[in-house]
Structure formats: C-alpha cells, structure tokens
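Have a look at the structure below before the remarks.
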Amino acid sequence: MRFLIIKTGETELLRDSATGGISDGEVFRSGVLLSRLLPDNEVYWYGAPGKLQALFPPVENLHFIDTLEEAQEPDVIFYLERTQIPFSEEWASKIKGFYFDGNRWRTRPRFPELENLIDSNESSRHSHPHWLYKLCGMQWRGEPYWSYIRIQGGNLRKRPLVGLNPRVGLKWPQKAWPMECWWSLAKKLQSAGCEVAWQPGGTMVGYADWIYNLDLLISVDTLGLHIALGGRVPVIGLFGPTSPKEIPKWGVGLWLWERGGKMTHSVERVFFTAQRYLKSIKSGYVKGVIGTSLLDDMS
Numbered sequence: 003m004r005f006l007i008i009k010t011g012e013t014e015l016l017r018d019s020a021t022g023g024i025s026d027g028e029v030f031r032s033g034v035l036l037s038r039l040l041p042d043n044e045v046y047w048y049g050a051p052g053k054l055q056a057l058f059p060p061v062e063n064l065h066f067i068d069t070l071e072e073a074q075e076p077d078v079i080f081y082l083e084r085t086q087i088p089f090s091e092e093w094a095s096k097i098k099g100f101y102f103d104g105n106r107w108r109t110r111p112r113f114p115e116l117e118n119l120i121d122s123n124e125s126s127r128h129s130h131p132h133w134l135y136k137l138c139g140m141q142w143r144g145e146p147y148w149s150y151i152r153i154q155g156g157n158l159r160k161r162p163l164v165g166l167n168p169r170v171g172l173k174w175p176q177k178a179w180p181m182e183c184w185w186s187l188a189k190k191l192q193s194a195g196c197e198v199a200w201q202p203g204g205t206m207v208g209y210a211d212w213i214y215n216l217d218l219l220i221s222v223d224t225l226g227l228h229i230a231l232g233g234r235v236p237v238i239g240l241f242g243p244t245s246p247k248e249i250p251k252w253g254v255g256l257w258l259w260e261r262g263g264k265m266t267h268s269v270e271r272v273f274f275t276a277q278r279y280l281k282s283i284k285s286g287y288v289k290g291v292i293g294t295s296l297l298d299d300m301s
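All letters in the sequence shown, in the order written, are residues 3 to 301 by the working numbering.
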C-alpha cells in the first residue's frame, strides 16, 4: 500500500501549546509509525523539517516531500496536524486522523476519548504511541522509534560520560531548568568521578552523534530525550509542565516529574538519581537494548 503522512510539528497530538513554532520532538516521535509501515509499504511524509530527516535511516520506499504534488496517489492519508493544509478533494475519503468540521477539529474515525483529552488539556494515562496508532486506526504493539541505533550500548567507561541537555524549544520555554541548577549538577557529577559533556550546537546529525556517544543523558528537552530513546541511550528526563506518562521508557528511560507543573527539581535529587542509574548501567541492569518488557509502556 501507499501511505501519506502529514506531520509538520505545528501542533502536538495530545495538547495545544500557547506558543507557536515547530516542535521537533513531536515530529521525530511521530516516526514511530514507520516501524509498522516500513519496509513493506510505500510511505510519503509531507512537512518533516529537513534537519530532522537526517535522523531517520534511509530506505528506498520512504520519501520526504516538500509539496503534496510530489506524492503518488496514496491509499491512506494520516493527517496528524490540527492545521488546515490544502489538498485534493478526491483524497478526503482516504483520511485517517484529524479533520476540521467547520467548528472544531475532530477525528476520523471518531475517537471521542482523544478529542476530549485534547480539549481538557489534562495529562494522559496512556503513551503517545498508544494514541497515535489509535488515531491512525491501528493498535500500538510496542514498536520502537524508527531511528538510528548506536552500534554498541551497555559498556560503561571508567569515568562515565554524562551529557547535560539544558536547552528547550520554542514551544515549551517553561520546561527550562535554571542554569544555576545545571552548573551545580555538573560540579557534583565531576566530583563523583564523572565526565560531563554539554549539549553542543551545530547540525542535527552532530547532535544525535553526541547523544549516541554518552553513557547517560540528562535532558529537559524532549527531542534529545526521544533521540536517546531511539538510539537506546540511557536517559533521565526532567518534567514539570508536561506529563512523562505519554513517553514510553523502552527499557532505558527514567523520568523525574514535579507534579506541581514547575521545574523545581532539586539538584540533590537529580544527582542521586543519576548516581543510582549509572550503577544500574554498570551492573548490566540497563543495557541500552530493547527488551520485551513493554507491558508498562503499553498500559
């Protein structure tokens, strides 16, 4: 079959942000659909930012396109944005996902549970892949992200290399953790015998390569977190204004959540969590390889 994915990152699946802009993390994690669709189908993806396309392993039947005219006649369209994008009326009957009924955005086939969740802006008790697959008329069975996997995982250096990822995107500036907390955490990690690497600038590929070289990533930004999960890199995610429940851990993630909605994580808590997690990695408990224990993520 031939599928067309419409996903630009202008909106997020489970909530609406008051701030405009593109959510790179939202686009990247929507690629979990590719793990079901490829390699047996032809897939066209409209709207994925060019810098993110390099994060997806190239296959012959995955095509990133800049205009809908570049897509061959699709059998199914996954419309994953709540923005109006003009396309041929002949394609309307092929849509699964969101559509605008003249008054509000609805789902096709009707999925009132998701519509109500978006309207209420409440936290989800299910994961993002659970909702995404349901929106597309499928059931998520634990498929991982469609992304590069680092060649080797689970071998800890004598001095563990811990990456600190303090920058946040334009969509959610309130996810930022104060820089003085990051500096304090870095000093504690170094005093405990760790090497510390700070989030680099440069290209998206360079950013991903930096993450893949780490023993552990600590991140407030979900793009970095998703890249780590996709590459099976152990990662600690710091959450406040958004819920971590929608992000599967896939055997390598550990989430710290301030339920009051503010990024008030104590440095001590994050530091001791990192120490314990590094010990788990060293003991072989966390190997950076997907296992079969996905039931908690899929509930």
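Using N, Cα and C, we set each Cβ at its ideal position, and we do this for glycine too.
Buried versus exposed, by CB contacts within 10 Å (16 or more), P250: buried
Rounded distance between the beta-carbons of V78 and F5, thought under 8 Å: 5 Å
Supposed contact pair A210 and Y150 - C-beta distance, whole angstroms, cut 8 Å: 7 Å
Inter-residue Cα distance where the pair is R84 and W133: 15 Å
Inter-residue spacing [alpha-carbon to alpha-carbon] between L57 and L227: 13 Å
Nearest to G1 (by Cα), restricted to the options F89, T266, G203, L36: Here the chain covers residues 3 to 301 and nothing more, so residue 1 does not appear.
Which listed residue (C196, L137, P246) has its alpha carbon closest to that of D315: Limits of the chain in this structure are 3 at one end and 301 at the other, which puts residue 315 out of reach.
Neighbour-count burial assignment, D121, 16 or more Cβ in a 10 Å radius: exposed
Classification of K173 by the beta-carbon crowding that lies within 10 angstroms, buried from 16 upward: buried
Contacting residues, own chain, Cβ-Cβ under 8 Å from Q86 (five flanking each side not counted): F102
Opening and closing residue of the beta strand (DSSP E) in which K98 lies: 97-102
Member of V207, S221, G171, V235 whose CA lies at the smallest distance from the CA of L187: S221
Between the CA atoms of E260 and W179 - distance to the nearest angstrom: 11 Å
DSSP three-state assignment for F66, whether helix, strand or coil: strand
Collapsed DSSP secondary structure at G239 in the structure displayed: strand
Segment limits, beta strand (DSSP E) that includes V164: 163-167
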